[in-house]
Amino acid sequence: MSLAIIWPANPRAVTQSEEGDPEIHIELLRQQAAVFWDSMPRRRELEGPLNGYIYFEGAVRYRCRVEYMISRETLLRRRNDHQYVPSFRRQCLFGQWESGEEHTPSETWIKMLQIERLDPPLQINSLLKTNEQPLRAVVGGVAYIQDPMP
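As numbered in our numbering, residues 4 to 153 make up the sequence shown, in order.
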C-alpha cells in the first residue's frame with residue numbers, strides 16, 4: 004500500500020479569494036518550482052514524495068505531487084520555502100493580515116511540486132482509508148488514504 008493524502012478545497016472561498024481554487028495553484032506552478040496549500044488542523048509531518056488529492060466540487064478532481072507535509076512551526080524555520088507561500092496565504096502562516104489584524108494560523112502546510120486535473124475525476128467512495136475502510140467524506144483537513152494511482 005502506498006500512502007497518499009487528500010484534502011478539501013473550499014469552493015466557497017473561490018468566490019472570495021484564490022485560497023480555495025486549485026487552478027490558481029496550477030498557474031503559480033507554471034511560474035515557480037513549488038506552491039504551498041494550508042490546512043487548519045495539525046497533522047503529522049510526512050516526507051515525500053507522495054501523491055496528494057484535492058476534493059473539489061463533489062469529486063476528487065486533482066492529483067498533486069507532494070514534496071512534504073509539515074507543521075507551521077517547521078515552515079517558519081524553513082525561511083527559504085517562504086517564497087512558495089502564495090500572497091493570499093501569508094496571513095495563514097504568519098498569523099496576521101498586512102493591516103496587523105490577527106488571523107488564526109493554519110497548522111499544516113503541504114508543499115506541492117505539481118498539480119494535474121483528473122479526467123474523469125475520482126469518486127470519494129472509491130477511495131480507501133489506510134485502515135481499509137471506504138472514505139465517505141473529506142471534512143476539515145487532511146486525511147490519509149491508500150494511493151489509488153501510485
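The C-beta atom is built at its ideal place from N, Cα and C for all residues, glycine as well. Given the structure is predicted, the values throughout are model-derived calculations rather than measurements.
F97 and E21 - do their beta-carbons sit closer together than 9 Å? no
Considering only residues of the same chain and omitting the five flanking positions on each side of V44, which have a CB-CB separation below 8 Å? Here residue 44 is Pro; the residue named in the question, Val, does not match the sequence. So the qualifying residues of the chain are E110, T111, G143, G144, V145.
Can you round the beta-carbon distance between Q99 and H106 to whole angstroms, since I take them to be within the 8 Å contact cut? 6 Å
Cβ-based neighbour list, R47, same chain, cut-off 7 Å, excluding 5 preceding and 5 following: none
Kindly give me the distance between the Cβ atoms of I148 and A7, rounded to whole angstroms, as I take these residues to be in contact under 8 Å. 5 Å
List, from N- to C-terminal side, the beta strand (DSSP E) runs of 3 residues or more that fit wholly inside the region 77 to 140. 111 to 125
I'd like to confirm the pairing. Which residues does DSSP put opposite R66 in its beta bridges? Y56, E119
Opening and closing residue of the beta strand (DSSP E) in which P25 lies: Note, P25: premise wrong, no beta strand (DSSP E); alpha helix (DSSP H) at 25 to 34.
Out of N54, E50, F59, point me to the one whose CA is closest to V141's CA. F59
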